[in-house]
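Enquirer:
Numbering (UniProt numbering), first residue to last: 1 to 263.
(1) Using 8 Å for Cβ pairs, my map puts residue 166 next to residue 153. What's the rounded Cβ distance?
(2) Helix, strand or coil: which one does DSSP assign to residue 14?
(3) How many angstroms separate the CA atom of residue 198 from the CA atom of residue 87?
(4) Could you name the residues of the same chain whose beta carbon sits closer than 6 Å to that of residue 121, not counting the 5 residues immediately before and after it, in chain order?
(5) Short check: CB of residue 201 to CB of residue 81, under 7 Å?
(6) Closer than 6 Å by C-beta to residue 103: which residues in its own chain qualify, once you throw out the five before and the five after it? Chain order, please.
(7) Between the stretch 67-79 and the stretch 205-224, do three or more beta carbon pairs fall short of 8 Å?
(8) Quick one: using the 10 Å Cβ neighbour count with 16 as the cut-off for buried, is residue 117 buried or exposed?
(9) What first and last residue would you give for the alpha helix (DSSP H) that runs through residue 162?
(10) Give the range of the alpha helix (DSSP H) segment to which residue 33 is assigned.
(11) Is residue 133 helix, strand or coil when you go by DSSP?
(12) Under a Cβ-count criterion, where at least 16 other Cβ atoms within 10 Å of its own Cβ denotes burial, should residue 257 be classed as buried or exposed?
(13) Return the CA-CA distance between residue 125 and residue 188, expressed in angstroms with no decimal places.
(14) Determine the closest residue to residue 215 out of 135, 184, 130, 244, with distance taken between C-alpha atoms.
(15) So what does DSSP say about residue 149, is it helix, strand or coil?
Structure, rendered in structure tokens:
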């Protein structure tokens with residue numbers, strides 16, 4: 001298969017089923033395989049094994065945990081890197097278990113990669129609340145402090161990333177040398193060459209500053225691609241439906257009883 005879709009999941013089989021349905025709606029040339037990495041959760045593993053007719057292009061594996069393993073961006077990075085190593089497709093996309101794609105997501109990314117010759121291409125996104133309604137608040141959902149969130153929204157509005165009355169985010173990766181750059185590409189927006197991800201794996205070390213600034217594994221990957229001047233192209237299409245409520249933008253509820261930003 002030319003593309004492997006990687007989904008990391010743990011204790012959310014209902015959301016995972018929605019993500020799988022979304023992936024199965026994709027029709028990229030040559031097809032794709034969907035690799036689901038289950039993070040040490042037997043209930044989710046059993047829910048997949050008990051499917052009466054699982055899609056033929058879906059496979060899954062159960063990744064056990066050691067005594068020091070916890071949920072968080074470091075664990076997610078290690079599981080993503082493991083998936084990259086074991087798959088053999090030339091292209092890899094990531095669909096988090098709580099998000100969805102529009103039907104043309106993979107096809108439009110593959111077309112962009114073929115047209116540009118770039119090893120890193122991405123889409124843009126639609127921000128939605130947990131119930132699927134558009135997120136229209138003029139505030140960055142990744143800022144716990146309201147004033148900081150509204151200031152960041154104003155900055156991104158001036159940069160053309162967000163627009164009042166719209167849930168679309170025109171994410172991008174500004175090159176080196178651009179003042180006050182935009183470095184905003186979600187993991188679910190990328191289509192990346194496997195060889196590139198072997199050269200530039202997800203970083204799995206996070207500290208107090210990362211926690212305070214909500215810097216996740218996708219942020220560090222974008223920083224690393226930018227620092228090495230990797231050519232990047234964008235489809236200009238908001239084909240990722242990003243559902244709010246994950247660990248990077250949930251400030252009131254525990255994401256996972258084992259969760260820790262720092263290990």
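We treat Cβ as the ideally placed atom computed from N, Cα and C, and that holds for glycine. Because the structure is a prediction, the values reported are computed rather than measured.
Expert: Looking at the atomic coordinates:
(1) Stepping through the chain shown from its first residue, residue 166 is reached at position 166. Stepping through the chain shown from its first residue, residue 153 is reached at position 153. Between residue 153 and residue 166 the Cβ distance is about 12 Å, and since that is not below 8 Å, they are no contact.
(2) On the chain shown, residue 14 is found 14 positions in, with the first residue counted as 1. Correct three-state label for residue 14: helix.
(3) The sequence position of residue 198 within the chain shown is 198, counting from 1. The sequence position of residue 87 within the chain shown is 87, counting from 1. C-alpha of residue 198 to C-alpha of residue 87: approximately 11 Å in a straight line.
(4) In the chain shown, counting from the first residue as 1, residue 121 sits at position 121. Cβ neighbours of residue 121 beyond the five flanking positions: 109, 112, 113, 191, 233.
(5) The residue you call residue 201 lines up with position 201 of the chain shown. The residue you call residue 81 lines up with position 81 of the chain shown. With respect to residue 81, residue 201 sits close: the two C-beta atoms are nearer than 7 Å.
(6) As a working note, residue 103 is residue 103 in the chain shown. Cβ within range, chain order: 25.
(7) Yes: at least three Cβ pairs fall under 8 Å.
(8) Counted from its first residue, the chain shown places residue 117 at position 117. The residue in question, residue 117, is exposed, as its Cβ has fewer than 16 Cβ neighbours within 10 Å.
(9) Along the chain shown, read from residue 1 onward, the residue named residue 162 stands at position 162. Here residue 162 belongs to no alpha helix (DSSP H), and DSSP marks it neither H nor E.
(10) Sequence index remark: in the chain shown, residue 33 carries index 33 (1-based). If you look at residue 33, you'll find it isn't in any alpha helix (DSSP H); it sits in the beta strand (DSSP E) that goes 32-39.
(11) For this step, residue 133 is matched to residue 133 along the chain shown. DSSP places residue 133 in coil when its eight states are reduced to three.
(12) Residue numbering aside, residue 257 sits at position 257 when the chain shown is read from its first letter. Residue 257 is classed as exposed because its beta carbon has fewer than 16 other beta carbons within 10 Å across all chains shown.
(13) Taking the chain shown and counting its residues from 1, one reaches residue 125 at position 125. Taking the chain shown and counting its residues from 1, one reaches residue 188 at position 188. Per the coordinates, the alpha-carbon of residue 125 lies some 9 Å from the alpha-carbon of residue 188.
(14) For the purposes of this step, residue 215 is identified with residue 215 of the chain shown, where counting begins at 1. 184 is the residue among 135, 184, 130, 244 whose C-alpha sits nearest the C-alpha of residue 215.
(15) As a first step, residue 149 must be located in the chain shown, where it is residue number 149. Of the three classes helix, strand and coil, the one that applies to residue 149 here is helix, per DSSP.
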